[in-house]
Each structure stands twice: as C-alpha cells, then as structure tokens.
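Working notes, structure below.
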Amino acid sequence: MEAHRALLISLSKDECNIDYIKRLISLTNLAYRDYEVWIPDLPKTMQHQLQNFKNYIKNLVFGTTPKRWFAETWIPLTTLRIYTNDSMKGDNRAPVVLDFRSNVIKLRQVCRNKPGFVVTVPMPRWVIDRVKEGGDVRFAMIGLKDGEPYLALIAEREVAQYTPSEYRLVVDVNSWKYGISWGLIRNGRIVSYKQEGLNLGRYYRLYDEVIRLGKKYGELKRSGLHRTTEGRKLWRRIKAMHARLYAITRDKAYFLAGKLVRKALKYRASLVIDDMTEELRRELLEEGLPRDVIKLLISNLKKFVHQLETLAQWYGVPYEFRRLYSRKCPICGYELTQKDGRVMVCENCGFKAPRDLVPIYWATRLYNSTEE
Ligand SMILES: [Zn+2]
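Below, the structure is given as structure tokens:
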C-alpha cells in the first residue's frame with residue numbers, strides 16, 4: 081500500500097509574487113479541464129509542468145480535483161532529489177529541488193515569472209525524517225491559503241501493514257471537552273486505559289478574552305476609530321489570540337495522534353477507532369456551547385482522526401473504524417442510565433463504569449467473542 085504524508089511550508093510574500101501564483105492557479109484549472117495552456121511569456125519549465133501534470137495528478141494527496149470553475153487548484157510540481165552521496169532521483173528540469181547535501185530546497189521559477197529566479201528555503205527536519213523512514217518526496221505543490229503563499233511537500237512510502245499481535249488499541253473519539261479516551265485490550269481484558277483531556281479552563285479564558293476584545297473593537301468601529309493605531313493594534317491582538325485558541329487544540333490533536341500510533345507500534349497492536357464526531361456536534365449544541373467553540377472543537381477533532389489515520393497508514397499499523405456503544409450495557413445489552421459525574425449504570429445487571437470507558441468494555445466483548 082502506498083502511504084502519504086504532507087507538510088506545508090509558508091513562503092515569504094516578498095519572494096513569492098502572489099499575482100504570479102494566482103495566474104498559475106488559473107492556468108492549472110484550465111489545464112485540468114483539458115484546455116491547451118501554452119502561454120508564450122511563461123518559463124518553459126512551468127509550461128511543461130502545467131501540460132504534463134495530469135499524468136501524475138493521481139499521485140497527489142491534496143485533493144486537487146477542482147470541483148468548480150475558478151476553484152483554487154494548487155499547482156502540482158515535480159521534484160529533483162539530490163542525496164548526500166551525490167546520487168539523484170527525479171526530473172532534472174524539475175522546478176523543486178531538494179538538496180540534501182546542503183540541506184536546502186530550491187524553487188526554480190515557481191515564485192516569480194523571471195528567468196533563473198530561485199527561492200531557497202531551509203530543508204525541514206520533517207523531510208529528513210520521512211526519507212530516513214524510507215519515504216520519498218516525488219511531488220510538491222504551490223498554492224495560496226488564506227491569501228498567503230505555501231509550498232506543500234508530499235512524502236510517499238510503499239508500506240505493508242504488520243501482522244497484529246493479540247493487542248488492540250481502542251480509541252474513542254469523544255470530544256475535546258471530555259478528551260479522547262483510549263484502552264489497550266488483550267484477550268477480553270483491559271490492560272491499560274487513559275482519558276486524555278484538554279485543559280479547557282485555559283481555553284475558555286482565552287475565548288472570553290477574544291469575545292471581550294471583539295466587543296471593544298466593535299465600539300471603536302462604530303465611532304469610526306478602528307483605523308487608528310490603537311484600533312489596528314487591537315485588531316492584531318484579536319487575530320493573534322484567535323490563532324492561539326486554534327493552536328491549543330490543534331497541537332494537542334497532533335501530539336495525541338503521534339502518541340497513540342507509537343503505542344500501537346510498541347505493542348504491534350491493531351487500532352480500532354470509534355469516530356463519533358457527528359453525534360458530538362449535536363451533543364455539544366445541546367449543552368449550549370457557543371457555536372464558534374463547537375466549530376473549533378469539531379474541526380480539530382476531525383484533524384485528530386485524520387492524523388491518526390494518516391500515521392497509521394504511514395507506519396503500517398492495521399486499523400479499522402468501528403462504532404462502539406456508550407449508552408448500552410456491555411454485559412447484558414440493557415440501556416444504561418447516566419448518573420452524576422458521567423457514570424453509567426445498568427439497572428438490570430449492576431454494571432457500572434465511567435461513561436468514556438463503556439466503549440472500551442464493548443471492544444473487549446466484541447473482539448473476544450469474534451475470536452473464540
Ligand atoms: Zn447490564
């Protein structure tokens with residue numbers, strides 16, 4: 081199986097001409113729709129990229145299929161890799177050169193429509209790590225995200241899933257509000273279990289502050305003072321806090337996905353993911369959380385699941401998605417009753433467990449009975 085991982089690198093606006101990239105994006109769109117895009121004033125290398133990219137577009141992971149006209153299709157680019165022993169792989173005329181001898185990436189004529197124009201960026205640690213793991217960066221893409229130029233590197237690796245041991249790592253995607261819970265199970269027993277929470281206190285404090293400053297900015301705007309030095313400063317502060325709010329949960333998502341995949345590798349466990357993101361959205365709405373907060377929590381939760389799946393594929397961890405119950409008794413199947421402190425109780429057989437542990441109990445039952 082071929083596994084992919086991608087990395088985004090922010091490019092400097094001074095070095096990358098936004099209008100040129102926009103133009104390349106439109107041309108990519110046209111080429112994708114079978115139009116001839118021989119534009120005389122473009123460098124030959126770029127013309128070849130645009131003309132030929134259909135041959136390798138299926139190799140790309142970035143969802144390049146334009147769904148509508150004027151969609152912002154990123155421009156796929158071939159790469160040349162030069163390794164420390166001077167060996168080379170790829171296309172000599174490729175616009176993206178990964179030079180492992182001097183640890184730089186060179187972008188040739190991608191950032192400006194000027195012959196011989198080269199932008200050099202430092203080689204990210206990420207690329208070196210992926211190559212060490214047996215990966216290769218055959219393709220890159222350039223495009224705009226929120227109006228800023230970015231280079232995307234796509235690492236690919238041929239990988240075979242390992243044969244799992246008796247261990248299973250069950251991951252219950254709960255919500256960032258209560259955290260993610262996971263359990264390592266073996267032969268119908270829970271070997272270890274943990275609930276990975278998020279420090280929501282800090283999160284809410286930041287959120288309240290963003291709301292408060294937003295109101296203040298609104299007042300400035302109404303009195304026409306938002307373009308003053310003070311107004312602009314306030315706006316920048318709001319934006320920075322918003323980014324931090326987002327980063328807290330996103331970083332946690334990436335950290336946890338990495339940790340869980342390492343755990344699976346350690347035990348050669350297979351991974352069982354109970355993804356109930358959609359139910360959660362409803363649950364959080366019922367609890368009356370602000371919509372912005374829900375949107376942020378859900379989006380990062382989706383990122384967590386996506387990253388978990390990406391890493392599992394990359395490292396050959398066998399995995400499956402499986403729905404596990406949290407409201408039904410794993411012993412007798414009776415409907416559970418929720419008591420204070422998110423404790424679930426079975427009125428029929430006396431089973432009692434924290435709500436987030438119930439799916440793990442279900443997993444021990446399901447996987448035990450299917451194997452015996
Ligand atoms: Zn029961």
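Numbering-wise, the sequence shown is residues 81 to 452 according to this note's numbering.
For every residue, glycine included, the Cβ atom is placed at its ideal position computed from N, Cα and C.
{"Asked": "Ile411 CB to nearest heavy atom of ligand 1 below 7 Å", "Found": "yes"}
{"Asked": "As assigned by DSSP and simplified to three states, the class of Arg307", "Found": "coil"}
{"Asked": "For Thr125 and Arg173, believed in contact at Cβ under 8 Å, the rounded distance", "Found": "6 Å"}
{"Asked": "Thr153, buried or exposed, once every other Cβ within 10 Å from all chains shown has been counted against 16", "Found": "buried"}
{"Asked": "Which residues DSSP lists as bridging Arg85, in chain order", "Found": "Ala235"}
{"Asked": "Three-state secondary structure assigned by DSSP to Gln241", "Found": "coil"}
{"Asked": "Of the listed residues Asp99, Met221 and Lys343, nearest to Val176 (C-alpha basis)", "Found": "Met221"}
{"Asked": "Residue nearest to Leu187 in terms of C-alpha spacing, selected from Asp355, Lys194 and Val201", "Found": "Val201"}
{"Asked": "Tyr100 versus Ile155 - alpha carbon distance", "Found": "12 Å"}
{"Asked": "Asn254 Cβ short of 7 Å to ligand 1 heavy atom set", "Found": "no"}
{"Asked": "Residue(s) in a DSSP beta bridge with Trp262", "Found": "Val251 and Lys274"}
{"Asked": "Assigned exposure category for Met424 - 16 Cβ within 10 Å defines buried", "Found": "buried"}
{"Asked": "Heavy atom of ligand 1 within 7 Å of Tyr414 beta-carbon", "Found": "yes"}
{"Asked": "Distance cut-off 7 Å: Asn428 Cβ against heavy atoms of ligand 3", "Found": "No copy of ligand 3 appears in this structure; the ligands present are ligand 1."}
{"Asked": "Which of helix, strand or coil DSSP assigns to Lys312", "Found": "It should be pointed out that residue 312 corresponds to Arg in this sequence rather than to Lys. Looking at Arg312 - three-state DSSP - the assignment turns out to be helix."}
{"Asked": "Contacting residues, own chain, Cβ-Cβ under 6 Å from Leu388 (five flanking each side not counted)", "Found": "Ala337"}
{"Asked": "Ligand 1 heavy atom lying under 7 Å from the CB of Phe431", "Found": "yes"}
{"Asked": "Cβ distance (whole Å) where Gly170 is taken to contact Leu160 below 8 Å", "Found": "4 Å"}
{"Asked": "Inter-residue spacing [alpha-carbon to alpha-carbon] between Leu91 and Tyr395", "Found": "29 Å"}
{"Asked": "Where Phe401 falls: helix, strand or coil (DSSP)", "Found": "strand"}
{"Asked": "Burial state of Phe384, where buried means 16 or more other Cβ atoms lie within 10 Å", "Found": "buried"}
{"Asked": "Residues of its chain near Asn448, where Cβ-Cβ distance is below 6 Å and the 5 sequence neighbours each way are ignored", "Found": "Gly268"}
{"Asked": "Cβ contact (3+ pairs, closer than 8 Å) linking the region 428-440 and the region 393-413", "Found": "yes"}
{"Asked": "Contained beta strand (DSSP E) runs [length at least 3] in the region 369-447, N- to C-terminal order", "Found": "399-401, 417-419, 423-425 and 432-434"}
{"Asked": "Contact between the region 285-296 and the region 207-223 (3+ Cβ pairs under 8 Å)", "Found": "no"}
{"Asked": "Gly143 (DSSP reduced to helix, strand or coil)", "Found": "Residue placement at Gly143 is flagged as unreliable, the pLDDT there being 47, under the threshold of 50; the coordinate-derived value follows with that caveat. Coil at Gly143, not helix or strand."}
{"Asked": "Status (buried if at least 16 other CB within 10 Å, exposed otherwise) for Ile353", "Found": "buried"}
{"Asked": "C-beta atoms of Val250 and Ala443 nearer than 8 Å", "Found": "yes"}
{"Asked": "Cβ-based neighbour list, Gly143, same chain, cut-off 6 Å, excluding 5 preceding and 5 following", "Found": "Note on Gly143: pLDDT 47, under 50, position unreliable in the model; no value is reported."}
{"Asked": "From Arg361, Thr390, Glu366 and Lys419, residue whose alpha carbon lies closest to that of Leu376", "Found": "Arg361"}
{"Asked": "Nearest-angstrom beta carbon gap, Leu325 and Gly311 [assumed within contact, 8 Å]", "Found": "At roughly 21 Å, the Cβ-Cβ gap does not stay under 8 Å, so Gly311 and Leu325 are not in contact."}
{"Asked": "Three-way DSSP call (helix, strand, coil) for Ala220 in this model", "Found": "strand"}
{"Asked": "In DSSP terms, what Leu160 is bridged to", "Found": "Gly170 and Val177"}
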